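Q:
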Amino acid sequence: MSAEEIKLTNDNYNKGQSFIDSADYKFEDVIDTQYKLLSDLYLDISNSILPEIVNQLKEMKDDALLSGEDSGLENVWEEICVQIQNEKSFEWPMFVITIEGIIEMKLEKLPHSFKQVISYMSGLNDEPDMTGYFAHHAIESVKDDLFSVAMNYSNQRIEDYLYG
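For the sequence shown, position 28 (counting from the first letter as 1) is numbered 27 according to numbering that gives the first Met the number 0, and the numbering increases by one without interruption.
1. DSSP state of residue 151, grouped into three classes?
2. Do three or more CB pairs link the region 146 to 153 to the region 83 to 99 at distances below 8 Å?
3. Assuming residue 87 is part of the alpha helix (DSSP H), what are its boundary residues?
4. Round the Cβ separation of residue 117 and residue 141 to the nearest angstrom and send it over; I've been treating them as touching at under 8 Å.
5. In the DSSP assignment, find the alpha helix (DSSP H) that holds residue 67 and state where it starts and stops.
6. Apart from the five residues on each side of it in sequence, which residues of its chain come closer than 6 Å, Cβ to Cβ, to residue 60?
7. Nearest to residue 148 by alpha carbon, out of 91, 68, 79?
8. At what residues does the alpha helix (DSSP H) containing residue 113 begin and finish?
9. CB residue 48 to CB residue 114, shorter than 8 Å?
10. Under the assumption that residue 156 contacts residue 71 (Cβ atoms under 8 Å), give the Cβ distance between them as a whole number of angstroms.
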């Protein structure tokens, strides 16, 4: 085929557009599918690092506890759960600094494309055209996910602390 034979003309362009317009899918469906794929990928990435973050907080015991020895709580993770489920104490900013530091370290170990997905999905409502990796967005998003887990986590020590 020569270059002239495969040249796009208005006539065959319009025929192509008619074919595209008559397709079973619409542009909105493609966008919905892409959003769903990105959402699923975001959840997979977040769920892969959340257990590591929780375990690191569980390993912080004794000298790291801010609630006192008589609280009955065993580790920083339990203290965070109590704070989220009840009310935040004066020490809450210290917990947040610790959490953000751990999240930042976990994010640094991820492939750049994973960090971009987390950053993009977290800033989608604020800045839908944002691409690239923005650490602040990613940290805030994973922190929100962690707080959701903390809100629903319980054990006997947490129950005893909250409900005596």
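We put the beta carbon where it would ideally sit given N, CA and C, even for glycine.
These figures come from a predicted structure and were not determined experimentally.
A: In brief:
1. Locating residue 151 in the sequence shown gives position 152, where the first residue counts as 1. Here residue 151 sits in helix by DSSP.
2. yes
3. Here the question's residue 87 lines up with position 88 in the sequence shown. Unbroken run through residue 87: none, as it is neither H nor E.
4. The residue labelled residue 117 in the question sits at position 118 within the sequence shown. The residue labelled residue 141 in the question sits at position 142 within the sequence shown. Sure, about 7 Å apart at Cβ, within 8 Å.
5. For the purposes of this step, residue 67 is taken as residue 68 along the sequence shown, with counting starting at 1. No alpha helix (DSSP H) contains residue 67, which DSSP labels as neither H nor E.
6. By 1-based counting over the sequence shown, the position of residue 60 is 61. Hits under 6 Å: 74.
7. For the purposes of this step, residue 148 is taken as residue 149 along the sequence shown, with counting starting at 1. The shortest C-alpha separation from residue 148 is found at 79.
8. One-based indexing of the sequence shown puts residue 113 at position 114. Taken as a continuous stretch (DSSP letters only), the alpha helix (DSSP H) holding residue 113 covers 111 to 122.
9. Your numbering for residue 48 matches position 49 in the sequence shown. Your numbering for residue 114 matches position 115 in the sequence shown. No.
10. Taking the sequence shown and counting its residues from 1, the one referred to as residue 156 is at position 157. Taking the sequence shown and counting its residues from 1, the one referred to as residue 71 is at position 72. About 5 Å; that satisfies the 8 Å criterion.
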